[in-house]
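Below is one structure; the comments refer to it alone.
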Amino acid sequence: MLTRSSFAYLNARVRARRGQLLGESFFRQAQALSFSEFLRLLAETPYGAELVGEGLADVDRAVALHLAHTIGDLPSLVSGPLRELVRLPLLRADLVNLKTILRGKEAGKSPEEIRALLLGGTLPEPLLNAMLQAPDAQSVAQLLQLPGHPLARALRIASASTSDLLRLEVVLDREFFAACLKVARKLRQSRLVSYYELEVDATNLTTAYKLQALGASGVNPEDYFIPGGRWLSRAVFSRLVAGDLSAAEALGGTPLASAVGAADLGELERALRKVLLAKARAGASDSLGGGLLLDYVLRKQWEASRIRLLARRAYFNLPVEAVAKEVT
768 MLTRSSFAYL NARVRARRGQ LLGESFFRQA QALSFSEFLR LLAETPYGAE
818 LVGEGLADVD RAVALHLAHT IGDLPSLVSG PLRELVRLPL LRADLVNLKT
868 ILRGKEAGKS PEEIRALLLG GTLPEPLLNA MLQAPDAQSV AQLLQLPGHP
918 LARALRIASA STSDLLRLEV VLDREFFAAC LKVARKLRQS RLVSYYELEV
968 DATNLTTAYK LQALGASGVN PEDYFIPGGR WLSRAVFSRL VAGDLSAAEA
1018 LGGTPLASAV GAADLGELER ALRKVLLAKA RAGASDSLGG GLLLDYVLRK
1068 QWEASRIRLL ARRAYFNLPV EAVAKEVT
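Quick note: the sequence shown uses the numbering used here, first residue 768, plus one each step.
Okay, structure coming up:
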């Protein structure tokens, strides 16, 4: 069993790395820059060590390398049960990456376009390259042959029975959250348990709004509900899926309340992202537990996503308004 002293070395390293997180002043300044100016600004940050070249692909490569150096190596710093815990936020990146690959293929995006959106995780680079080249979800599932990885078996089973992308994503979410909650509870990491319960609720709320927007009458809500949350019940989920917007009143006074009034799916996802980042940040005071690590990894991944988005705004000379909501 983990003790408070188990985290002393790991969290000392994490605290040192937190000092390199970019401040909000960087993102405010970067929003209106030309691409050449953006490159010069980025070169002055910790990402500059990996920035070689002057193209958009060079920015993506620098971000990927920086993530590998700053969060990808974290499991190697510890062993035993603590390593199992450290892998959880990196497995979340695997989940996001798999969804991104599947969504990109369905939307007809090129491997290069999809790669630009990937976060650092545990999947080896050659495997990611192979999955990017795969033609469909079943082919991706056949390539994902990693013993012990909670998403590998789930994707193989789901892709063999359905081609519905949302159903595939729900199956992956179920396996991911079940694995995270099992480990966090086994190791008595209450802050991580609380965070993952809230993320389950946020995921269910997003799924309910997606089904509602699709006009998915006749669907069985049980096929899309993810167990493990705390605030959003099966009954409220089913009512939301059926279009009963008054069901959202049941979420008043919960951490999800600020997201309920979202005008569209994009606004909902932005509001939930804010809720989840705030929840993780509240756990950063857990200097002798897993909360500090979770907050750092999530903030680092969010930082990387923002940099890539700002790079694209500058490269394609888009108006600031095109990305302002997504990077602030």
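Glycine included, every Cβ here is placed at the ideal spot set by N, Cα and C.
Per DSSP, Pro914 lies in no alpha helix (DSSP H) segment and is marked neither H nor E. Counting along the chain, the unbroken alpha helix (DSSP H) around Leu862 starts and ends at Gly847 to Glu873. In the structure shown, Lys876 adopts coil according to DSSP, grouped into three states. The beta carbons of Phe802 and Ala1081 sit about 4 Å from each other, so the pair counts as a contact at 8 Å.
For Phe943, the enclosing alpha helix (DSSP H) stretches over residues Leu932 to Lys953. Secondary structure at Glu1036: helix, using DSSP grouped into helix, strand and coil.
Between Asp940 and Pro917, the alpha-carbon positions lie close to 10 Å from each other. Nearest C-alpha to Glu873 among Leu922, Leu1035, Leu932 and Gln909: Leu932. Straight across, the Cα-Cα distance linking Glu851 with Asn1084 is about 43 Å. Exclusion of the five residues before and after Leu789 leaves Thr812 and Glu1070 as the residues of its chain whose Cβ lies within less than 7 Å of its Cβ. Counting C-beta pairs with one atom in each stretch, the segment 920–928 and the segment 980–989 have fewer than three that are closer than 8 Å, which means they do not touch.
Gly888 is a Cβ neighbour of Ala860, given a cutoff of 8 Å. Only residues of its own chain outside the window of five on either side were considered, and among them Gly996 and Arg997 have a CB closer than 6 Å to the CB of Glu964, listed in chain order.
Nearest to Arg1073 by C-alpha distance, out of Pro914, Ser772, Leu884 and Leu1007, is Leu884. Nearest in C-alpha terms to Ala831, of all of Glu880, Leu886 and Asn971, is Leu886. Secondary structure note for Thr974: its alpha helix (DSSP H) is the uninterrupted segment Ser957 to Leu981. Within a 10 Å sphere around the beta-carbon of Ser792 sit fewer than 16 other beta-carbons, which makes this residue exposed. Note that the segment 1033–1048 touches the segment 959–973; at least 3 beta-carbon pairs, one per stretch, sit closer than 8 Å. The beta carbon of Ala816 sits closer than 6 Å to none of the beta carbons in its chain outside the five residues before and after it. CA-to-CA, the gap between Thr929 and Leu1059 works out to about 38 Å. Under the three-state reduction of DSSP output, Val1090 falls in the coil class, being neither helix nor strand. In terms of CA proximity to Thr974, Arg1001 leads the group Val907, Arg1001, Val960 and Ser957.
Nearest in C-alpha terms to Pro891, of all of Gly871, Asp903 and Leu865, is Leu865.
Remark: C-beta atoms of Leu844 and Val950 do not approach each other more closely than 8 Å.
Residue nearest to Gly1033 within the set Lys1092, Ser1005 and Ser1025 is Lys1092 (criterion: CA-CA distance). Inclusion of Lys1067 and Leu834 in the CB contact set at 8 Å is warranted, their separation being smaller than that value.
When C-alpha distances from Val781 are compared across Gln909, Gly839, Ala1015 and Met898, the shortest belongs to Gly839.
Per the coordinates, the alpha-carbon of Ala946 lies some 42 Å from the alpha-carbon of Leu800. Assigned with DSSP and collapsed to three states, Ile924 falls in helix.
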